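What follows is a single structure, written as structure tokens, with notes after it.
Chains as they are written, first to last, in the working numbering: chain A, 53 to 290; chain B, 90 to 694.
Dropping the structure here:
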């Protein structure tokens, strides 16, 4: 057997089963083989995302904000599956909202994430593997997004608070002797502007729902999603 | 759960009848022939067992307990063989190995609470290695769930991140279908473990619903064929390559694609390296084969993977133990990546040619699409030179103790090609993979991704039971274990003795957690903290106490006779090989290092 193969079987080829001490091996022992620096090494490199790069230029992906919408079966534990996935795989997530759709038994999960393009791709693919996830995809850039915010504000100057509330199309939900509670809705930029304006009065508490989103026009929000009415199964061709 | 989406709505008078009729169409026709006993279930537990029988499960491994008792009671009159294990971890590893050897999902059972949590390691192990397996766990009755009842654990919550999917059985009428679906899901697409948690009121509940034919849930059984345009572009890249290299992973074995892989590589003269789980997908005695790459892979595999300009990677997830530092992994290669799971594409290594599909089908597609072999004669010569330059060898000086590699080779020589090797995790595992020449798929049974010490003995039980069930009782099953690994699960030896299982356990005993000792010498200035056992039980005597054959070997000239005696012994045998405690696993790519800079001596680390 020792002669028939360029393979690596050492000293014992042909002899071990018949017993006895192994013959010395004439081939280079591990310590006698060329050392790590004595070998050829290629010049090329990959970046952290496993993409071949020019090591001089070193291109890394920038992360960006993306809204991901998933249509899911409304079954126990589905939110835990999605949030567990996000935390386990260390995806950067800004907000996650969940709610019913037009179809009984289906829910929509909307996530805002801050990731590189490969990261966003991974989120979508990993979510798609969850059994209750019917379809998932990034909502295109011009999606309609909105968030609801409740603010509890110091009521030292009720008239001024009211004016700012009007300016941002907010609603006053509760007005007491010491606090005023205001509701705001809108996209993120508008909410951020409003919060800046309210900060002068002193914000006591804040509760934000996180962004939710729908695609504009005829484009389905989750891939393959078709508008259903209650009682009809939502069709999808994921 | 399957009943949420598909069941008819109550306000639809027609609908409530139709699905039932549809199900009956299949059931009476199929049942009398295939599962004569399955026609008459009376309880949820009987429905669970009927579903297992209908799915073709022949064997289950488990441990009894309060909440799972109804299912065990239903197994009493079932055709399914049940192997009672010493510990639930043994049951889950045995089921895992049974699945690896047989190609069918292994089944394990445990009760609620500690029974279920004892399964966790093995479920995580199966998840990391994409092994199909179904775990059935007892649970406290539904009305107690959430109340911290006796032996209650949130099994669904605990196992959610380590299963492909898990199910909380919601009623006696549907539990059989749920179990059938879970079984099918575990092997659909990319395999993985599934679990069904079975509250006792569900399994005890009355039902006459015999489970129907099981299918995996919608969307989980993907198209096996890769996109033809992608196949064509990959084929062009392969044709134009000067230094092409195949990398066959565990997915090749799971997809039964070993023949297709061999045909592809040999047709186009492309050298082959494998991953550790891919061991056996391509014969290691073939001239094209460079054995496996990665941290302790061969020097020549690591040289080839470093210098290839076209890496055809099939059924691998580019684990860090394979890639080393990602920046230096196959840095000049166009990557053709074949995988059934789209999420693996470009997860760790960017795929220039993503081919999403079943390994066998896509390899056949590639074999057909490549028009001419790449001009790789010079590359093959270079690979052959690396084989000459960096052989796997070890020294056997007379003044040093028995070398563990010698033991592995002695067993390889004394057994046929179809022998099954199981291992624990550590140095012995690496030697077992390096110094045994694997030629057939499903002969290497190990814990790769999770690295579970203690996997070896229960895996040998599962492998033996599988081989026997397949009518291949003449195959040898050899477990290479470390002394540390053996101590973790050796109680399963009692199962091997009780069930009269012909397995041979070779403990490569260096009285160390040897891999940790090796790292401490290399990276922690030789400070042997908690790695030096200083003392080990006499495993040969322990084996005798269990009722197995026990042997002890200290010298080279005792190896062959002991190997022969143990293999000839009709039943479990343990050989305690006292090997050189200072021996290191080499070559070695340090964690995160460049594959091409593997160390061949400790002072190079």
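Ideal placement from N, C-alpha and C gives every residue a C-beta, glycine not left out. Bear in mind that the values here come from a model prediction, so they are computed numbers and not experimental data.
Can you look up residue i in the DSSP assignment and give me helix, strand or coil?
| i | result |
| --- | --- |
| residue 281 of chain A | In this prediction, residue 281 of chain A scores a pLDDT of 49, lower than 50, which makes its location untrustworthy; the coordinate-derived value is nonetheless stated afterwards. Residue state, collapsed to three classes: coil. |
| residue 640 of chain B | strand |
| residue 136 of chain A | helix |
| residue 598 of chain B | strand |
| residue 160 of chain A | strand |
| residue 121 of chain A | strand |
| residue 85 of chain A | coil |
| residue 295 of chain B | strand |
| residue 466 of chain B | helix |
| residue 66 of chain B | In this structure chain B extends from 90 to 694, so residue 66 of chain B is not present and cannot be described. |
| residue 577 of chain B | helix |
| residue 324 of chain B | helix |
| residue 667 of chain B | strand |
| residue 131 of chain B | coil |
| residue 199 of chain A | strand |
| residue 523 of chain B | helix |
| residue 205 of chain B | helix |
| residue 259 of chain A | strand |
| residue 150 of chain B | strand |
| residue 330 of chain B | coil |
| residue 311 of chain B | coil |
Among the options, which residue has its Cα nearest to the Cα of residue i?
| i | options | result |
| --- | --- | --- |
| residue 407 of chain B | B:389, B:151, B:367, B:398 | B:367 |
| residue 670 of chain B | B:628, B:189, B:620, B:236 | B:620 |
| residue 242 of chain A | A:217, A:252, A:232, A:230 | A:217 |
| residue 168 of chain A | A:118, A:73, A:128 | A:118 |
| residue 284 of chain B | B:276, B:262, B:256 | B:256 |
| residue 326 of chain B | B:464, B:599, B:203 | B:464 |
| residue 653 of chain B | B:611, B:601, B:592 | B:592 |
| residue 221 of chain A | A:261, A:236, A:77, A:150 | A:236 |
Expressed to the nearest angstrom, what Euclidean distance is found between the alpha-carbon atoms of residue i and residue j?
| i | j | result |
| --- | --- | --- |
| residue 355 of chain B | residue 294 of chain B | 57 Å |
| residue 84 of chain A | residue 689 of chain B | 8 Å |
| residue 191 of chain A | residue 307 of chain B | 24 Å |
| residue 98 of chain A | residue 176 of chain A | 23 Å |
| residue 279 of chain B | residue 623 of chain B | 44 Å |
| residue 126 of chain A | residue 190 of chain B | 38 Å |
| residue 146 of chain B | residue 193 of chain B | 8 Å |
| residue 226 of chain A | residue 305 of chain B | 52 Å |
| residue 420 of chain B | residue 477 of chain B | 24 Å |
| residue 661 of chain B | residue 595 of chain B | 11 Å |
| residue 437 of chain B | residue 361 of chain B | 21 Å |
| residue 370 of chain B | residue 89 of chain A | 32 Å |
| residue 508 of chain B | residue 566 of chain B | 6 Å |
| residue 322 of chain B | residue 258 of chain A | 54 Å |
Within the 9 Å Cβ cut-off, does residue i reach chain B?
| i | result |
| --- | --- |
| residue 278 of chain A | no |
| residue 178 of chain A | yes |
| residue 85 of chain A | yes |
| residue 132 of chain A | yes |
| residue 100 of chain A | yes |
| residue 251 of chain A | no |
| residue 152 of chain A | no |
| residue 148 of chain A | no |
Output yes if chain A places a C-beta closer than 9 Å to the C-beta of residue i; else output no.
| i | result |
| --- | --- |
| residue 683 of chain B | yes |
| residue 119 of chain B | Low local confidence applies: a pLDDT of 40 at residue 119 of chain B is under 50, so the model's placement there is unreliable, with the coordinate-based value given in what follows. Chain A, which has no Cβ nearer than 9 Å to the Cβ of residue 119 of chain B, makes this no. |
| residue 693 of chain B | yes |
| residue 306 of chain B | yes |
| residue 274 of chain B | yes |
| residue 522 of chain B | no |
| residue 621 of chain B | no |
| residue 357 of chain B | no |
| residue 437 of chain B | yes |
Determine, using beta carbons only, whether residue i and residue j come nearer to each other than 9 Å.
| i | j | result |
| --- | --- | --- |
| residue 145 of chain A | residue 189 of chain A | no |
| residue 291 of chain B | residue 258 of chain B | yes |
| residue 497 of chain B | residue 520 of chain B | yes |
| residue 160 of chain B | residue 181 of chain B | no |
| residue 289 of chain B | residue 155 of chain B | yes |
| residue 183 of chain B | residue 554 of chain B | yes |
| residue 358 of chain B | residue 402 of chain B | no |
| residue 313 of chain B | residue 451 of chain B | yes |
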